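Peer 1:
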Amino acid sequence: MMLEDLFKEKILILDFGSQYTQLIARRVRELRTYCEIHPYSISPEAIRRFAPRGIILSGSPFSVYSRHAPRCSAQIFEMGYPVMGICYGMQLMADLLGGRVERSLRREYGRSEIKVDDGMPLFDGLQGRSPLIVWMSHGDRIESLPPRFRSIASSVNAPVAAMADESCRLFGLQFHPEVVHTPQGKAILKNFLFRICLCKGTWDMKSFIQHEVESIATTVGQRKVIAALSGGVDSSVSAVLTYRAVGSKLSCIFVDNGLLREGEADRLRRLVSNGFFPKTIFVDERKRFLKALKGVYAPERKRKIIGREFVRIFEEQLQKLSGRKRRQARASGRDFLVQGTIYPDVIESSPAGSRRGPSSTIKSHHNVGGLPRKMNLALIEPLRELFKDEVRAIGLELGLPLDIVSRQPFPGPGLAVRIVGEVTEKRIKMVRKADAIVEEEIRKAGLYSSLWQSFALLLPLRSVGVMGDERTYEHTIAIRAVSSVDGMTADWARLPENVLGTMSSRIVNEVKGVNRVVYDISSKPPATIEWE
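For the sequence shown, our numbering assigns the number 719 to the initial residue and increments by one for each residue that follows.
#1: Does the Cβ of residue 1018 have 16 or more other Cβ atoms within 10 Å, making it buried, or fewer, making it exposed?
#2: Going by the CB atoms, is the gap between residue 1157 and residue 979 shorter than 9 Å?
#3: With a threshold of 7 Å on Cβ separation, who are the neighbours of residue 904 within its own chain once the five nearest residues in sequence on each side are excluded?
#4: Spatial neighbours of residue 986 within its chain, please: CB distance less than 6 Å, with the 5 preceding and 5 following residues excluded, ordered by chain position.
#5: From the DSSP output, in three-state form, read off residue 1055 for me.
#6: State the start and end residues of the unbroken alpha helix (DSSP H) segment that holds residue 1142.
#7: Return yes when the Cβ of residue 765 is within less than 9 Å of the Cβ of residue 934, no when it is not.
#8: Would you mind reading off the limits of the alpha helix (DSSP H) that contains residue 934?
#9: Kindly indicate which three-state DSSP category residue 1073 falls into: helix, strand or coil?
#10: At the level of alpha carbons, what is the spacing between residue 754 and residue 729?
#11: Consider the C-beta atom of residue 877 and the heavy atoms of the ligand FAD; say whether any pair is separated by less than 8 Å.
#12: Return the chain-ordered list of same chain residues with a C-beta closer than 8 Å to the C-beta of residue 822, the five sequence neighbours on each side being excluded.
#13: Kindly indicate the opening and closing residues of the beta strand (DSSP E) around residue 772.
#14: Determine, using beta carbons only, whether residue 1168 and residue 1200 come nearer to each other than 9 Å.
#15: Less than 6 Å between C-beta atoms, sequence neighbours within five positions excluded: which residues of the same chain meet that for residue 1049?
#16: Residue range of the beta strand (DSSP E) that residue 973 falls in?
#17: Secondary structure at residue 957, three-state DSSP: helix, strand or coil?
#18: For residue 1103 and residue 1062, I'd like the C-alpha separation in whole angstroms.
#19: Can you tell me where the alpha helix (DSSP H) with residue 1028 in it begins and where it stops?
#20: Decide if the stretch 770-790 is in contact with the stretch 802-809; the criterion is three or more beta carbon pairs, one per stretch, under 8 Å apart.
#21: Take the Cβ of residue 843 as the centre, count every other Cβ of all protein chains shown within 10 Å, and call the residue buried at 16 or more, exposed below.
#22: CA-CA distance, residue 1111 and residue 923?
#23: Taking the alpha-carbon positions, what's the residue 1072 to residue 735 distance?
#24: With a floor of 3 residues, list each beta strand (DSSP E) that falls wholly inside the stretch 747-791, ordered by position along the chain.
#25: May I have the straight-line CA-CA distance separating residue 1317 from residue 945, to the nearest angstrom?
#26: If you follow the alpha helix (DSSP H) that residue 1106 is part of, which residue opens it and which one closes it?
#27: Suppose the cutoff is 8 Å on Cβ atoms and the five residues either side in sequence are ignored; what does the same chain contact list for residue 916 look like?
#28: Exposed or buried, residue 1198, counting other C-beta atoms within 10 Å across all chains shown (16 or more means buried)?
#29: Restricting to Cα atoms, I'd like to know which of 899, 900 and 865 is closest to residue 888.
#30: Using 8 Å for Cβ pairs, my map puts residue 1039 next to residue 942. What's the rounded Cβ distance?
#31: Helix, strand or coil: how does DSSP classify residue 1194 here?
#32: Pick out whichever of 841, 947, 977 and 932 has its Cα sitting closest to the Cα of residue 963.
#33: Pick helix, strand or coil for residue 842, following the three-state DSSP scheme.
#34: Identify which residue in 1053, 1117, 838 and 1217 has its Cα closest to the Cα of residue 1094.
#35: Let me know the secondary structure DSSP gives residue 703 once reduced to three states.
#36: Using 9 Å as the threshold, is the C-beta distance between residue 1246 and residue 741 below it?
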C-alpha cells in the first residue's frame, strides 16, 4: 500500500458531548479505518481540508431544542459527504433539515428491539435477524421527518428508530451502534464505512510505522531530539519509533522522580544493557520532585507541577548535551522532546484533541494539560492519535519485548496520583510496597494479562485496628482492578476471594503503617480508573 493511501480513507467524527464519542472512534479504528474526533463547531472549510470519506455525528446530553444545545452548520449535509447521525446526531440532522423533534411521552433508555427495512445498505446482511437488539438512550423522538427522508427502522416507542435520505447518503440512528449492548452495531458501522462511504480498510500499523518514520525524520532535520523514557509501553514505543527515524540524533532521558513502581529504574537499566534505547541518560531527581510537591493536595495541581518539572529537567539535560547556551539554542530553532502521548490522554485532558468541544475535561494528563505554556522544546508525539492496543501492535512490529508491550498502563505522574492527599516520602514507600504486592499476587494468580490495570493506592483515612493485642490507628490501602478495552470505559474486576484475601493479608503484615485494606468496586463511568 502506498503511504499516501494510509490517511486517504478518513472518517470525521463530530463531538456533541456524548460519553460514547470516543467509543465510536474506537469501533471505526477496529474496522481498520482511520478517524479523528473534532468539535461540532468545525467549519465547512475545515471539513473540506480534512477531506473525509464520511462524517459521523455523535450523541449528546442535550436536547435539540435546549437553549445551549450544540449545533453544527447545516452546510455539512450539502457537501456531498455521507453522513450518519447517532441519537442526538440524528435528531439534530432532522431538525436542521426541516423535520420536527419533540419530547417523547416515554423516555427510552437501555435495551430495545427494532424492526429494520429490507434493501437498506446500512442494514445489509441483518434483515434476517430482525428484530435487532439495540441500546437506546433518549428522551426525544422525531415526530416529523425532513423532506426526502423515510423511516427505515422502528421500535415500539420510536416510529423513527432510523431514517435515510438515500439520494444524498444521509442516515440517522436513534440507537447507539458503538456500544457492546447493540450486538450487531459493529456490522451497521461496517456497512456505513464500506458500503456507503466506500472505504476499504487501509488503516494498517506497518504502514503507519513507515509513515511516522518518514514524517519524524523530515520534521527533525538536523536538530537534536530527546525522548522522555519511563519504561512503560507508550514512552518505549515512541522512543524506538523515533530512533528508527533519526538514529544518533536521539538521546533518551530517564528521570527517577521518586514516584515510580518498585524496581523500575533497575528494570530499565537492564533493557538499556541489552541494546534497547541507546544513549540513555539516567537522572536522579527524587528530592526535586518531593520538594515541589510538598504541601500540595489537589490532584490537578500535582499533575501540573510534575509536568512542569519534567519539561524543565529535559531542557536542562538538552542544554548539557548540546553544549550551547539557551539563547543560542533558540536562535537555531527549537530542539525536540518526544512524548508517549496517546489518544485517550488527549481526549481526557482536553476534549476533541485539544480543540474545545462540549465535553468536560476529565483530568489533565501531565504530558498534555499538565505541560507549562512556555517551553524551549517542540513536541513530537508519534502516538498521539492512537489507542493503547494500536500502540501495543506497533511495539510488537518494532521488535520490543513482550513484557514491555504487555505492561499495564501506569500514570505519568506516577504514585503521586495514587496517594490521595499530600505526597510525602513515607507515603510513597507505603503505596509502592503495597502496589508491588498487588502486582505480584495478580501475576501469581495468572490474572495480569486479563486486566487493564491493577494497583494499590493510599487513602487519606486512618482507622482503629488491633494488631498484636494492641490498639492501632493506621492508614488504609485501597486495591483497584479493572477490565477494559481502551481505558475510556472500564468495569471493576471480579477478583477471586482468595486472591483478594492474600493481598489484604500481605499488605497489612508487610506494609508498616497499614491496618486496613478495601477493594474499589466502581466502574468508569461514573468513576475514573485512577482516583486522582
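A virtual CB, placed ideally from N, CA and C, is assigned to each residue, including glycine. These figures come from a predicted structure and were not determined experimentally.
Peer 2: If we stick to the structure as given:
#1: In the sequence shown, residue 1018 corresponds to position 300, counting from 1. Exposed, because fewer than 16 other Cβ atoms sit within 10 Å of the Cβ of residue 1018.
#2: Numbered from 1 along the sequence shown, position 261 holds the residue referred to as residue 979. Numbered from 1 along the sequence shown, position 439 holds the residue referred to as residue 1157. Yes. Within cutoff.
#3: The sequence position of residue 904 within the sequence shown is 186, counting from 1. Setting aside the 5 residues that flank it on each side, residue 904 is surrounded in the same chain by 745, each with a C-beta closer than 7 Å to its C-beta; the list follows chain order.
#4: If you number the sequence shown from 1, residue 986 lands on position 268. Result list for residue 986: 949 and 972, in chain order.
#5: The residue you call residue 1055 lines up with position 337 of the sequence shown. When secondary structure is reduced to three states using DSSP, residue 1055 falls in the strand class.
#6: Translated into the one-based positions of the sequence shown, residue 1142 becomes position 424. For residue 1142, no alpha helix (DSSP H) segment is defined, and its DSSP state is neither H nor E.
#7: Walking along the sequence shown from the start, residue 934 turns up at place 216. Walking along the sequence shown from the start, residue 765 turns up at place 47. In this structure, residue 934 keeps its C-beta atom at 9 Å or more from the C-beta atom of residue 765.
#8: For this step, residue 934 is matched to residue 216 along the sequence shown. In the DSSP assignment, residue 934 falls within the unbroken alpha helix (DSSP H) covering 923-938.
#9: In the sequence shown, counting from the first residue as 1, residue 1073 sits at position 355. Model confidence at residue 1073 stands at a pLDDT of 40, short of 50, so the residue's coordinates are unreliable; what they give is reported in the following sentence. In the structure shown, residue 1073 sits in coil (DSSP, three-state: anything other than H, G, I, E or B).
#10: Reading the sequence shown from its first residue, position 36 is the one you call residue 754. Reading the sequence shown from its first residue, position 11 is the one you call residue 729. When only Cα atoms are considered, residue 754 and residue 729 end up about 7 Å apart.
#11: No copy of the ligand FAD occurs in the structure displayed, which carries no ligand at all.
#12: Residue mapping note: residue 822 aligns to position 104 of the sequence shown, counting from 1. Within its own chain, the residues whose Cβ lies closer than 8 Å to the Cβ of residue 822, once the five positions on either side in sequence are excluded, are 856, 857, 858, 859, 875 and 876, listed in chain order.
#13: If you number the sequence shown from 1, residue 772 lands on position 54. For residue 772, the enclosing beta strand (DSSP E) has its first and last residue at 772-775.
#14: Working through the sequence shown from its first residue, we reach residue 1168 at position 450. Working through the sequence shown from its first residue, we reach residue 1200 at position 482. Between residue 1168 and residue 1200, the gap from beta carbon to beta carbon reaches 9 Å or more.
#15: Position 331 of the sequence shown holds residue 1049. Note that residue 1049 scores 41 on pLDDT, short of 50, meaning its location in the model is unreliable; the coordinates nonetheless yield the value given after this. Once the five neighbours on either side are set aside, residue 1049 has no close Cβ partner at all.
#16: The residue you call residue 973 lines up with position 255 of the sequence shown. Here the beta strand (DSSP E) through residue 973 covers 968-974.
#17: As a working note, residue 957 is residue 239 in the sequence shown. The answer is helix: DSSP assigns residue 957 an H, G or I state.
#18: Taking the first residue of the sequence shown as 1, we reach residue 1103 at position 385. Taking the first residue of the sequence shown as 1, we reach residue 1062 at position 344. Roughly 9 Å separates the two Cα atoms.
#19: The residue given as residue 1028 occupies position 310 in the sequence shown. That run of the alpha helix (DSSP H) goes 1017-1040.
#20: Judged by pairs of C-beta atoms under 8 Å, the stretch 770-790 touches the stretch 802-809, as three or more such pairs exist.
#21: Position 125 of the sequence shown holds residue 843. Exposed.
#22: In the sequence shown, the residue the question calls residue 1111 occupies position 393. In the sequence shown, the residue the question calls residue 923 occupies position 205. In this model, residue 1111 and residue 923 are separated by some 7 Å (Cα to Cα).
#23: One-based indexing of the sequence shown puts residue 1072 at position 354. One-based indexing of the sequence shown puts residue 735 at position 17. Because residue 1072 carries a pLDDT of 38, less than 50, the predicted location of this residue cannot be relied on, and the following value inherits that uncertainty. Roughly 14 Å separates the two Cα atoms.
#24: Annotation note: the stretch 747-791 contains the following uninterrupted beta strand (DSSP E) runs of length 3 or greater, listed N- to C-terminal: 752-757 and 772-775.
#25: Nothing can be reported for residue 1317: it is not among the residues displayed for the chain, which extend from 719 to 1250.
#26: For the purposes of this step, residue 1106 is identified with residue 388 of the sequence shown, where counting begins at 1. Counting along the chain, the alpha helix (DSSP H) containing residue 1106 begins and ends at 1106-1115.
#27: Here residue 916 refers to the residue found at position 198 of the sequence shown. If we look at residue 916 and ignore the five residues flanking it on each side, its Cβ neighbours are 771.
#28: Position 480 of the sequence shown holds residue 1198. Its Cβ being crowded by 16 or more others within 10 Å, residue 1198 is buried.
#29: Position 170 of the sequence shown, counting from 1, holds the residue named residue 888. That would be 865, whose Cα lies nearest to the Cα of residue 888.
#30: Taking the first residue of the sequence shown as position 1, residue 1039 is located at position 321. Taking the first residue of the sequence shown as position 1, residue 942 is located at position 224. Residue 1039 to residue 942, Cβ: 7 Å. Contact.
#31: Here residue 1194 is taken as the residue at index 476 of the sequence shown, counted from 1. Strand, per DSSP.
#32: Counted from its first residue, the sequence shown places residue 963 at position 245. Measuring from the Cα of residue 963, the nearest candidate turns out to be 932.
#33: Locating residue 842 in the sequence shown gives position 124, counting from the first residue. Residue 842 sits in coil when the DSSP states are folded into three classes, being neither helix nor strand.
#34: On the sequence shown, position 376 is the one that residue 1094 refers to. Shortest Cα-Cα distance from residue 1094 to any of 1053, 1117, 838 and 1217 involves 1053.
#35: With the chain running from 719 to 1250 in the structure shown, residue 703 is simply not present.
#36: For this step, residue 1246 is matched to residue 528 along the sequence shown. For this step, residue 741 is matched to residue 23 along the sequence shown. With contacts defined as CB atoms closer than 9 Å, residue 1246 and residue 741 fail to qualify as a contacting pair.
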